[in-house]
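Heads up, the thing below is written out as structure tokens.
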Amino acid sequence: MTTTQADALVVVTVTVNGSVRTLRVPVHRTLLDGLRDELGLLGTKTCCAEGECGACTVLLDGQAVNACLVLCAETDGHEVTTIEGLSKDGLTDLQEEFLNAGAVQCGFCIPGQVVSAEYLLRTNPSPDEEEIREALSGNLCRCAGYQRIVSAVQATAARRCGGHD
Ligand code: FES
Ligand code: FES
């Protein structure tokens, strides 16, 4: 990463959804704004912009984070996966189960919910209901579709543990 004093820009090299990208951004630009405004990845949603709602959840080196709380500069040399990266080969089994469960209402929170749930299932393939609710507690849904979201995660866990895709 290099910093340009004259205009207080930083040059960041980050792998996003498997592709190496170079961003030239103001030092205080958040990862959320970088993804949306610089890279056009609009699946990561802007809502509270202060770490309260989870709409902006992405994976940073495989860990679920709120992109509004991370600076682009902090991602230099790291790897980011957004909802577009998770589903680049089509809907994932998890996304299919969200649809099957009727968990998608207005849809605004869903990318963040899916990223958080994917992180959970990668780290805990057979979560119980309490663990699912805890893992998704940082992802707010204004449509209050929580039970259906939990059902979708449970169905995905069962599907994966059963050896199906
Ligand atoms: S927009 Fe990042 S947590 Fe709400
Ligand atoms: S589906 Fe509308 S906010 Fe969650």
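Counting in the working numbering, the sequence shown runs from 21 upward without gaps.
Every residue gets a Cβ at the ideal spot worked out from N, C-alpha and C, and that includes glycine.
Note that the coordinates shown come from a computational prediction; the quantities given were computed from them, not determined experimentally.
Please report how far the alpha carbon of residue i lies from the alpha carbon of residue j, in whole angstroms.
i, j, result
"Asp185", "Leu106", "Only weak support exists for where Asp185 lies, its pLDDT of 48 falling under 50; the value from the coordinates is given anyway. Each residue's alpha carbon lies about 14 Å from the other."
"Arg179", "Glu116", "11 Å"
"Val85", "Glu99", "12 Å"
"Thr64", "Val30", "22 Å"
"Ala175", "Cys181", "10 Å"
"Val32", "Gly158", "28 Å"
"Ala69", "Asp148", "30 Å"
The alpha helix (DSSP H) that contains residue i, what's its start and end?
i, result
"Val173", "166–181"
"Arg142", "130–143"
Identify, in the order they occur along the chain, each residue of the same chain with its Cβ nearer than 6 Å to the Cβ of residue i, setting aside the five sequence neighbours on each side.
i, result
"Asp81", "His98, Glu99"
"Val173", "Ala137, Ile152"
Counting along the chain, where does the beta strand (DSSP E) carrying residue i start and finish?
i, result
"Asn86", "83–86"
"Leu29", "29–36"
"Glu116", "Taken as a continuous stretch (DSSP letters only), Glu116 belongs to no beta strand (DSSP E), being part of the alpha helix (DSSP H) at 113–120."
For residue i, I'd like the list of residues in its chain whose CB is within less than 8 Å of its CB, leaving aside the five on either flank, ordered along the chain.
i, result
"Met21", "Val30, Val31, Val32, Thr33, Ala93, Asp96, Gly97"
Report yes if the C-beta of residue i is less than 7 Å from at least one heavy atom of ligand 4; otherwise report no.
i, result
"Ala28", "The model on display carries ligand 1 and ligand 2 but not ligand 4."
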